[in-house]
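One point on numbering: in the working numbering, the residue at position 210 of the sequence shown is 1197, and numbering is uninterrupted. Using N, Cα and C, we set each Cβ at its ideal position, and we do this for glycine too. Please read these numbers as outputs of a predicted model, since none were measured by experiment.
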Amino acid sequence: MNAQDLKNSILQLAIQGKLVEQRQEEGNAKELIKEIKAEKERLIKEKKIKKEKPLAEIAESDIPFEIPESWEWVRLGDCVSNKSGVSYKKDNLNLISQSMTRILRGGNILDLTYKFKSDDIMLDRSFVKSELLLNKNMLITPAVTSLEHIGKMARIEQDYTDVAVGGFVLMLIPHINIDVFSEFLLFALSSQYHRNLCRSITNKSGQAFYNLSREKLMAILVPIPPLEEQKRIVAKIEEIMPYIEKYGTAHSKLEIFNKKFPEDMQKSILQYAIQGKLVEQREEEGTAEELYKYIQEEKEKLIKEKKIKREKPLPEITEDEVPFEIPESWKWVRLDNISYKIGDIDHKMPPVVEGGYPYISPVNFTSNGIDYDNAKTIGKEDFDNLSKKIKPTRNDIIFPRYGTIGVVRMVETDREFLVSYSCCTIKNFQEYVLSQYIFYVLQSGLIKSEINRYINKTTQPNIGLASIKRFLIPLPPLAEQKRIVAKIEEMLPHCKQLVK
């Protein structure tokens, strides 16, 4: 239950007479209702409010829920009169004087309160009738607004000489000017029951706005307790509200924590993995230095066989570059030095044809894979020509170089396809370096730092192929890579369950 649900529950208990006990010595609400009716008649006689068409008698079938015997159901129009706020023309805003009036609009009205804003409209006092100024104990509510804001109520806690509401806001003026009565009405009308009722009596106006029917609003039922009980209800709500606010703050923090925790947990697992802290090191598994030599020998062999080209040597890794310590049996390497090939295709979009070969870009990335079926497709001739540079196959890694830089995906299909020039393809020596291990390293905070180190911050941020080849990778022995991948894949599903 969040804070809003808790607040709704408290207000619902309040209007059902379940928040505080009833006391016989406090009498019943009948006397108060008589007093309100008498005051209404007096205001009509003095022409302070207009005589409205009589409201319908309350039938048994109208009553939405039970209330204590000492309470009474009344229609809102029997308790309050209503007025729309100030109407003005755009030209009126041009007049600036020493006597300006702040005009509150729907956006100023929050749940149970209101606030002044820096962009409030200021109107010369001559355009505002005195009877439209806000006075203590009035309630204000948006009359034309989005459905979400219909039913929001605020109580005016003082008399103003320079604050009014705009024409799209309704003022509800209690017939009896008693603080506790307007406070009780505020809480009653702010209950979820009354909020929903207000929404049900709106008319849609345009695409986004709703008009609150004034006539129907005046006809809604409000439960009225004796005045002394109202005092105790208001006091109890005001006692509870600060605790609800504290609960709301704590609940929000918990929600953020719960939302972030699985992601943070995943980051921690990957960080532990690439620092050599996720599994133990075993002497019998050898060292990454030995593994690195095998990879270089294999590369030399492939260069001689003209299966891969000799690349320009990458700079040696300096001590200043090393971001953290790794086990002695590990080795810091550059990505290209342990990769079979890192490349991309020509930087030109080939023509799209129906029923051709999938042409993948980050747009086709799903939450944990690649959607081949809904990708653009290219013809066989373009596919064959572009494939000469690099063609992705199972266990290759797709690394976006533009837009969602570094949001990597593993190729888990034998289907033929190409990757857009907005990405590069990373091919590994699978017999020496597990693609799955590199895949997890590329998702770690280390690689995010490497991206920030090399990124070109132009209109469209990107990272060059040469920079990706220079990425620092902590390399463990092959057997340890396998154990690290197994441990990660054992733990990550638990993180995903936490999201649910």
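query: What distance in whole Å lies between the Cβ atoms of Ile1220 and Ala1001, which are believed to be in contact at a cut-off of 8 Å?; result: 5 Å
query: Could you tell me the alpha carbon to alpha carbon distance between Tyr1359 and Lys1444, rounded to whole angstroms?; result: 30 Å
query: Distance check for His1334 and Cys1410, CA to CA, integer angstroms please.; result: 10 Å
query: Following the continuous alpha helix (DSSP H) through Leu1134, name the residue where it begins and the one where it ends.; result: Note, Leu1134: premise wrong, no alpha helix (DSSP H); not H, not E.
query: Look at the alpha carbon of Ile1054 and the alpha carbon of Gln1011, and state the distance between them as a whole number of angstroms.; result: 15 Å
query: Counting along the chain, where does the beta strand (DSSP E) carrying Glu1342 start and finish?; result: The amino acid at residue 1342 is misidentified as Glu; the sequence shows Gly. 1339-1347 is the span of the beta strand (DSSP E), which, as asked, contains Gly1342.
query: Measure from the alpha carbon of Pro1464 to the alpha carbon of each residue in Glu1232, Thr1400, Lys1318, then state which is nearest.; result: Lys1318
query: Can you tell me where the alpha helix (DSSP H) with Lys1021 in it begins and where it stops?; result: 1017-1032
query: Drop a sphere of 10 angstroms on the beta-carbon of Asp1369, count the other beta-carbons inside from all chains shown, and report buried for 16 or more, exposed for fewer.; result: buried
query: In angstroms, rounded to a whole number, what distance separates the CA positions of Lys1487 and Lys1246?; result: Model confidence at Lys1487 stands at a pLDDT of 49, short of 50, so the residue's coordinates are unreliable; what they give is reported in the following sentence. Near 10 Å, if we compare the C-alpha coordinates of Lys1246 and Lys1487.
query: Do Lys1139 and Glu1182 have their beta-carbon atoms positioned less than 9 Å apart in this structure?; result: Note that residue 1182 corresponds to Arg in the displayed sequence, not to Glu. A contact, by the Cβ cut-off of 9 Å.
query: DSSP has Phe1352 in a bridge; who is on the other side?; result: Ile1357
query: Looking at the structure shown, is Lys1487 part of a helix, part of a strand, or coil, going by DSSP?; result: Any reading at Lys1487 must be qualified, since the residue scores a pLDDT of 49, below 50, and its modelled position is unreliable; the value itself is stated next. Correct three-state label for Lys1487: coil.
query: So, with DSSP's three-state summary, where would you put Gly1235?; result: helix
query: Once the 5 residues before and after Gly1072 are set aside, which same chain residues still bring their CB inside 7 Å of it?; result: Leu1119, Ala1151, Val1152, Gly1153, Gly1154, Val1156, Met1158
query: Out of Gln1268, Met1478, Asn1361, state which residue places its alpha-carbon closest to the alpha-carbon of Leu1462.; result: Gln1268
query: Can you give me the C-alpha to C-alpha distance between Leu1433 and Glu1277, rounded to a whole angstrom?; result: 24 Å
query: Determine the burial state of Arg1142: buried for a count of at least 16 other Cβ atoms within 10 Å of its Cβ, exposed for fewer.; result: buried
query: In the DSSP assignment, what are the bridge partners of Val1156?; result: Pro1129
query: Name the DSSP bridge partner or partners of Gly1330?; result: Thr1412
query: When burial is assigned at 16 or more other CB atoms within 10 Å of the CB, is Val1209 buried or exposed?; result: buried
query: Closest to Ser1551 by CA distance: which of Lys1328, Pro1345, Tyr1346, Thr1391 is it?; result: Lying outside 988 to 1487, the shown extent of the chain, residue 1551 is not represented and no answer is given.
query: Can you find at least 3 beta carbon pairs, one from the segment 1035-1046 and one from the segment 1006-1022, that sit closer than 8 Å?; result: no
query: Do you know offhand how far Pro1480's Cα is from Met1397's?; result: 17 Å
query: Identify the continuous alpha helix (DSSP H) that holds Arg1201 and give its terminal residues.; result: 1201-1206
query: Between the Cα of Val1350 and the Cα atoms of Asn1324, Asn1382, Ser1407, which residue gives the shortest distance?; result: Ser1407
query: Exposed or buried, which one is Arg954 when buried takes at least 16 other CB atoms within 10 Å?; result: Since the first residue shown for the chain is 988 and the last is 1487, residue 954 is missing from the structure and cannot be characterised.
query: Leu1006 and Ile1357: beta carbons closer than 9 Å?; result: no
query: From what residue to what residue does the beta strand (DSSP E) around Asp1111 run?; result: 1108-1111
query: Quick one: measure Cβ to Cβ for Gly1064 and Leu1030, integer angstroms, because I've assumed they're closer than 8 Å.; result: No, Gly1064 and Leu1030 are not in contact; Cβ-Cβ is about 13 Å, not under 8 Å.
query: On the CB-based measure, 16 or more other CB atoms within 10 Å of its CB, does Asn1124 come out buried or exposed?; result: buried
query: Which value, in whole angstroms, describes the spacing of the CA atoms of Leu998 and Ser1074?; result: 34 Å
query: Quick check: what's the CA-CA separation for Arg1402 versus Glu1418?; result: 22 Å
query: Whole angstroms is fine: what's the gap from Asp1331's alpha carbon to Ile1377's?; result: 6 Å
query: Could you give the distance in angstroms between the alpha-carbon of Leu1459 and the alpha-carbon of Val1394?; result: 17 Å
query: Based on the DSSP secondary-structure assignment, which residues constitute the bridge partners of Leu1405?; result: Tyr1346
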